[in-house]
Structure formats: structure tokens, C-alpha cells
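**Q** For this note's numbering, add 157 to where a residue sits in the sequence shown, where the first one is 1. Even for Gly, the Cβ is constructed at its ideal location relative to N, Cα and C.
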Amino acid sequence: MKIRLENLTKKFPNRSKKGGPDVVAVDNFNFEIPDGKLIGLLGPSGCGKSTALNLISGLEIPTSGRIFFDDEDVTDVAAENRGIGLVFQNYALYPHLSVLKNITFPLENLKGNKKLSKERMVDKAYEAARLVQIEELMERKPSELSGGQQQRVAIARALVKRPRVLLLDEPLSNLDARLRLQTREEIRRIQRETGITTIFVTHDQEEAMSISDLIVVMKSGKIQQIDKPQTVYDDPKNLFVAKFLGTPAINVFVGAIKHGRIYIGDDPVMPVKGVENRAIYAGIRPEGFIPDEQGGLKCRLKGVEVMGRDTSILSTHYAQEGEIIRSIIDSEDAMQLSTVNEALDRKTNAVFDPIHEKDNKRGEIRFSVKPRKIFIFDRETEERIFFSTN
Ligand SMILES: Nc1ncnc2c1ncn2[C@@H]1O[C@H](COP(=O)(O)OP(=O)(O)OP(=O)(O)O)[C@@H](O)[C@H]1O
Ligand SMILES: [Mg+2]
């Protein structure tokens, strides 16, 4: 089932003691979630993810705007009649009930011709339990389960009514790193198997990238970008999106366009076509740096971390934002570089090496930049500026 949001807005009265304007938790959302896809709703804490999800589920009433499930307007339909399955961060299982009873719970209150016999309920519970692979835990109480198992029970409970939409609000954040990985793959598998349109809320960009068909990036109640994960990474619409996605994070510099050339500080980095002279931020992905003695970007080497296949070069530049520039290059290429070898010989693995701090010349490392890995943004609006290189 597809979900369509039309001018969807939710305002809350300002709760601060001094008063102030309303908080616009969801600001005029207009988009369509295609049928059978998994959508990652991604953004920092407080940006309105849960509010957006709660509007779709019916737990919150919108201030204005409409919500459609396929062509049905569900804006005024009560949550329990929308055909949704909900999973929260804290599982919200009933501690005194067995796993089986927890899963059948949503079926107990069905009325009229939807009412099910006991056997039917148990059958359905086992069906859902099989999907999340917890059939052997049905007689236990929630307190006798691990966090990951509890979360699977919560997912089974959300699935038992065969919802039209599955809504998951940070379902993995209470799990340790390994379980989180495992469970997110599980969620992906279940979603594929059932084909239920699913919205997955997270503030973890890696989680969103790995699990989603489409990512909706939010900031302060506003949509920043909706695209496939790879597109959001390769083609960010603004500086916020560029900074929010990617580990290690993108390296940001203060720069300018002067006479058809990108400058970072006073360093000419790359010719560009079709952009007027202006103040910019330049963002370079870690994998966008090419160590190059003729390169325009002159940085100071601060350390080298060899990590097997890749080598991470830490450097600084006076026009950078943030503490350190992190560039990642192939280890085999890195070993060809005399600067890198010298640094390793001198055991300058530490960041902010005082030897290099004094030693200007020897500490220099120059880069050229891969054209598809550098993005430029208007310094005022922080919107992306598109350019061509040929
Ligand atoms: N019931 C409420 N009354 C007043 N303000 C609220 C209410 N619920 C949420 N807000 C405000 O709306 C904004 C969005 O909150 P929301 O819970 O949707 O954010 P979130 O993206 O889910 O954050 P997190 O990642 O921390 O869960 C916040 O500024 C929050 O303080
Ligand atoms: Mg939230």
C-alpha cells in the first residue's frame, strides 16, 4: 500500500517557560511512499521523526494537511482502524504475559465478524513468530529474553494482524552493536518477505543507509532530501545532508569560486564551469583525496593510520571546518608515498604530532581532488551549487 502525505503539518505549543512561537515538529510534508518499500526516516534528535510517524499511525492529530493510504483519506480514521503495526524503541511488552500472549494480544479485542477463535489466534501468533524466528520462545516471559529477542516479539506482535503499514520508531537503539546489525538485517528480510510498506525511524545514518530503499532526511521539521541511499550520499542537496551522511564524515572547508576555479583558502583546487564568483563551503568526501605532489590543496600531515586495505591520512588545512581532515586512500598507494613512509618511520601515528607542528616543509602533503567527490555549497544558504568540469 502506498502512503501519501499532503501539506502535512504538526505544531506544538512552545513549552519553554518564556513562551515563544509554536514548535513546528512536522512542516508541510508532501511526498509519497511507494507500495512495498522500506523508507528510512532519518534526522537528528528533535527533528520531528517520531511526530511524523505518529501522524501516520494516528497517535497524533495533524494541525493541518491530509494522509492517504492508497486513495483512502485516513486523516480522520482512528489509529486502531488504520491497519498499522507499530514497534517502539522500548518494546513495550506486557511483562506479566508470555510471549505467545503478548503476540496474540492485538487479536483478543477483534469484534464482530473479525473475532477469532483461540486456535486461530495461536496459529496466527505462530505464523508471526516464525517470521521473526522466535517459535521456541513462546512460553517464556519477556524478562527471560534478551533485548534482541524482546524486540523480535514486539515485531511479531506488530505483524500478527497483517498490517497494511509497519511503523518502526528507533527499534534497534536499545540493542548492542552486534545485535543491532543482526536485527536490522532481520527487519530487512521480514520486510522483503511480507512486502509490507514500512517506515523505519532512526537518527543513525549508517542504519538508514543499510536498510532503506529510500531515505527521507529531515532537519527541524523540514524535509531536506528524499532519495535512494546511494544518491543521498553521492548527490546531497545541501551542506546539512552532506555532513549528516557518511562515516568518516565529509571534510568541510571555507572557500570561494574565483574566475572559474574552486579555491579552498588560497589553494586552487579545481577548474569548474558555469559558476559565478562567490563565497562557498567545499565538502570533500574522505575517499575524494588523491595524494599528488602537484596537487593544489596543501595540507599538513598530522598522522597516518594503516587499517589493512585502506590507509587513513590525517591532516589539517587553515581553511578547514572541524578538527582534522580525514582522507582515505588505498594502502598500496599510500605505501608509495615518501611522506607517508616518513611519517610511519617516525611513528607519527598520533594525531597532532608536535614534531610536524614545527616542521612545516616536511609535514606537507598535497592533494588533488576527485571531481565527483567534491561538493560546493552557497556560503549563505548552504544549498548545493552544481557545476560541470568539462
Ligand atoms: N507533545 C509535545 N508537546 C510539545 N512539543 C513536542 C511534543 N512532542 C514533540 N514535541 C517537540 O517536537 C519536536 C519534534 O519531536 P520528535 O519527538 O518528533 O523528534 P524526534 O526526531 O523523534 O527526536 P528523537 O530522535 O530524539 O526521538 C521537538 O522539538 C519536540 O520537543
Ligand atoms: Mg523520536
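Within the present structure, is the beta-carbon of residue 182 separated from the nearest heavy atom of ligand 1 by less than 7 angstroms?
**A** Yes, since a heavy atom of ligand 1 falls inside the 7 angstroms radius drawn around the Cβ of residue 182.
**Q** Decide if residue 548 is buried, meaning its Cβ has at least 16 other Cβ atoms within 10 Å, or exposed.
**A** No information on residue 548 is available, as it lies outside the stretch 158 to 547 that the chain covers here.
**Q** What first and last residue would you give for the alpha helix (DSSP H) that runs through residue 469?
**A** Where residue 469 is concerned, there is no enclosing alpha helix (DSSP H), although the beta strand (DSSP E) it sits in stretches over 467 to 473.
**Q** What would DSSP say about residue 291, mapped onto helix, strand or coil?
**A** Coil, per DSSP.
**Q** Rounding to the nearest angstrom, what Cα-Cα distance links residue 164 and residue 205 in this structure?
**A** Using only the alpha carbons, I get a separation of about 15 angstroms.
**Q** Reducing DSSP to helix, strand and coil, say where residue 186 ends up.
**A** Three-state result, residue 186: strand.
**Q** Note the first and the last residue of the continuous alpha helix (DSSP H) segment covering residue 309.
**A** 304 to 316 is the span of the alpha helix (DSSP H), which, as asked, contains residue 309.
**Q** In chain order, what residues of the same chain lie with their CB nearer than 6 angstroms to the CB of residue 481, ignoring the 5 residues before and after it?
**A** 471, listed in sequence order.
**Q** Going by CA-CA distance only, name the one from 438, 305, 292, 373 that's closest to residue 540.
**A** The shortest C-alpha separation from residue 540 is found at 438.
**Q** Please tell me whether residue 551 and residue 180 are closer than 8 angstroms, where the distance is taken between their beta carbons.
**A** The shown model of the chain, from 158 to 547, leaves out residue 551, and the question about it has no answer.
**Q** Which residues in the same chain have their Cβ closer than 6 angstroms to the Cβ of residue 365, if we skip the five residues on either side of it in sequence?
**A** Here the set comprises 197, 199, 359, 372.
**Q** Within the present structure, is the beta-carbon of residue 204 separated from the nearest heavy atom of ligand 1 by less than 7 angstroms?
**A** Yes, ligand 1 has a heavy atom inside 7 angstroms of this Cβ.
**Q** Using three-state DSSP, classify residue 510 as helix, strand or coil.
**A** Low confidence applies here, because residue 510 scores a pLDDT of 47, under 50, leaving its location unreliable and the question unanswered by this model.
**Q** For residue 355, which beta-bridge partners are listed by DSSP?
**A** Its beta-bridge partners are 195, 323.
**Q** For a quick check, are the C-beta atoms of residue 345 and residue 260 less than 8 angstroms apart?
**A** Taking 8 angstroms as the Cβ cut-off, residue 345 and residue 260 do not qualify as a contacting pair.
**Q** Which of the three DSSP states, helix, strand or coil, is assigned to residue 453?
**A** Reduced to three states, the DSSP call for residue 453 is coil.
**Q** Within this structure, are the beta carbons of residue 407 and residue 413 separated by less than 8 angstroms?
**A** No; because the gap between Cβ atoms is not below 8 angstroms, this pair is not in contact.
**Q** Compute the distance between the beta-carbons of residue 368 and residue 337, then report whether it is under 8 angstroms.
**A** No, these two residues do not count as a Cβ contact at 8 angstroms.
**Q** Determine, using beta-carbon pairs with one atom in the region 243 to 250 and one in the region 305 to 314, whether at least three such pairs fall under 8 angstroms.
**A** The region 243 to 250, when compared against the region 305 to 314, does touch it at the 8 angstroms Cβ threshold.
**Q** Residue 484 lies in the beta strand (DSSP E); which residues open and close that run?
**A** Residue 484 -> beta strand (DSSP E) spans 482 to 487.
**Q** Quick one: is the Cβ of residue 172 within less than 7 angstroms of any heavy atom of ligand 1?
**A** Yes, the Cβ of residue 172 comes within 7 angstroms of a heavy atom of ligand 1.
**Q** Does the beta-carbon of residue 534, which I'm using as the reference point, lie nearer than 7 angstroms to any heavy atom of ligand 1?
**A** No, the beta carbon of residue 534 sits no closer than 7 angstroms to any heavy atom of ligand 1.
**Q** DSSP state of residue 234, grouped into three classes?
**A** Here residue 234 sits in coil by DSSP.
**Q** Between which residues of its own chain and residue 187 is the CB-CB distance below 7 angstroms, once the five residues before and five after are set aside?
**A** Excluding sequence neighbours, residue 187 sits near 162, 163, 164.
**Q** Have a look at residue 332 and residue 427 and give me their C-alpha separation to the nearest angstrom.
**A** Going by the C-alpha atoms only, they are around 45 angstroms apart.
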